[in-house]
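Those protein sequence lines, which keep their order, are chains A and B.
Residue numbers 1 to 112, in my numbering, belong to the letters of the first sequence in order.
Residue numbers 113 to 225, in my numbering, belong to the letters of the second sequence in order.
Down below is the structure, laid out as structure tokens.
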Amino acid sequence: QKEVEQDPGPLSVPEGAIVSLNCTYSNSAFQYFMWYRQYSRKGPELLMYTYSSGNKEDGRFTAQVDKSSKYISLFIRDSQPSDSATYLCAVRPKTSYDKVIFGPGTSLSVIP
Amino acid sequence: DSGVTQTPKHLITATGQRVTLRCSPRSGDLSVYWYQQSLDQGLQFLIQYYNGEERAKGNILERFSAQQFPDLHSELNLSSLELGDSALYFCASSVEQNTGELFFGEGSRLTVL
């Protein structure tokens, strides 16, 4: 079993739709949770960073973490064509020097 | 622009050869990470350095090595290249050594023929 799993998509939605991206992880030692966005031919960029269960909102983006289910979600409201990218969830244990582990990513296309 | 600079952007070489990829972290960042991204494997952690010292090692092959220099730039050396080493190689940096807030460069695309 991979440490972090995501549905690879591709996911295609019309402009203005609410998008739900999901991720599961296997190890309860993971305490920090991130979402990165990667445009084609570019490096990933950090979107959201959280360490607790519950919701964290930033503009049109909401990250949701359920540690009991080992489940992470990213919601995008009023999706725009500029949101078309691959979304990578990432996790990290609390201990020092440990690597950040990325999921395989979900490819999203927002159609005008 | 993340502030992380990687060179070269593209590299085409032959099997058996050796290449060096270079990374300059964001100003003030002490920690450098190297990742490999391929279509079938996703983003795989290779190695992390903090202020010149190796801190964590991932799925890095013995044919690969890295170092971080006193000026904090880092180099990833890939030797005895195989077709399967063709991938995007990303460098990322962060202020602290154990944060998930990584700032990625635009990557070096390596093609081994």
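Ideal placement from N, C-alpha and C gives every residue a C-beta, glycine not left out.
Treat the numbers as computed from the prediction; the structure is a model and nothing was measured.
Option nearest residue i by Cα separation, candidates the options
i: M48 of chain A; options: A:F33, A:G105 and A:C23; result: A:F33
i: S52 of chain A; options: A:I101, A:P93, A:S84 and A:R77; result: A:P93
i: E15 of chain A; options: A:P81, A:K99 and A:Q64; result: A:P81
i: Y201 of chain B; options: B:T132, B:G212, B:R167 and B:R138; result: B:T132
i: S109 of chain A; options: A:Y39, A:E3 and A:Q31; result: A:Y39
i: S206 of chain B; options: B:R175, B:R130, B:C135 and B:L190; result: B:C135
i: Q149 of chain B; options: B:E166, B:T127, B:D141 and B:C203; result: B:C203
i: N22 of chain A; options: A:D58, A:A29, A:S69 and A:P112; result: A:S69
i: W146 of chain B; options: B:G140, B:R130 and B:L173; result: B:L173
i: L184 of chain B; options: B:N171, B:E166 and B:H122; result: B:E166
i: D7 of chain A; options: A:D83, A:I111 and A:G103; result: A:G103
i: S26 of chain A; options: A:R77, A:K2, A:A63 and A:V100; result: A:K2
Paired residues, beta bridge with residue i - DSSP
i: I159 of chain B; result: B:W146 and B:K169
i: Y71 of chain A; result: A:T24 and A:D66
i: V131 of chain B; result: B:L190
i: I18 of chain A; result: Answer is none; I18 of chain A lacks a bridge partner.
i: T119 of chain B; result: B:R134
Beta-carbon proximity of residue i to residue j, cut-off 8 angstroms
i: Y71 of chain A; j: T106 of chain A; result: no
i: L214 of chain B; j: A199 of chain B; result: no
i: T50 of chain A; j: K56 of chain A; result: yes
i: Y161 of chain B; j: S186 of chain B; result: yes
i: F181 of chain B; j: N189 of chain B; result: no
i: W35 of chain A; j: L11 of chain A; result: no
i: L155 of chain B; j: L46 of chain A; result: no
i: T125 of chain B; j: L193 of chain B; result: yes
i: S130 of chain A; j: V4 of chain A; result: Any question about residue 130 of chain A goes unanswered here, given that chain A covers just 1 to 112.
i: A90 of chain A; j: R37 of chain A; result: no
Under 9 angstroms by beta carbon: chain B residues contacting residue i
i: E45 of chain A; result: S114, F215 and F216
Proximal residues of chain A, C-beta to C-beta of residue i below 8 angstroms
i: L123 of chain B; result: Residues of chain A passing the Cβ test: none, with the nearest at roughly 15 angstroms.
Any C-beta of chain A under 8 angstroms from that of residue i
i: A178 of chain B; result: no
i: F229 of chain B; result: Residue 229 of chain B lies beyond the range of chain B shown here (113 to 225); nothing can be said about it.
i: G219 of chain B; result: yes
Closer than 7 angstroms at the beta carbon, the chain B residues around residue i
i: M34 of chain A; result: G212
i: G105 of chain A; result: G154
i: L88 of chain A; result: L155
Neighbour flag for residue i against chain B, beta carbons, 8 angstroms
i: P10 of chain A; result: no
i: R37 of chain A; result: no
i: K42 of chain A; result: yes
i: F75 of chain A; result: no
Neighbouring residues, chain B, relative to residue i (Cβ below 8 angstroms)
i: F61 of chain A; result: Result: empty, since nearest Cβ-Cβ is about 16 angstroms, beyond 8 angstroms.
i: Y49 of chain A; result: G212 and E213
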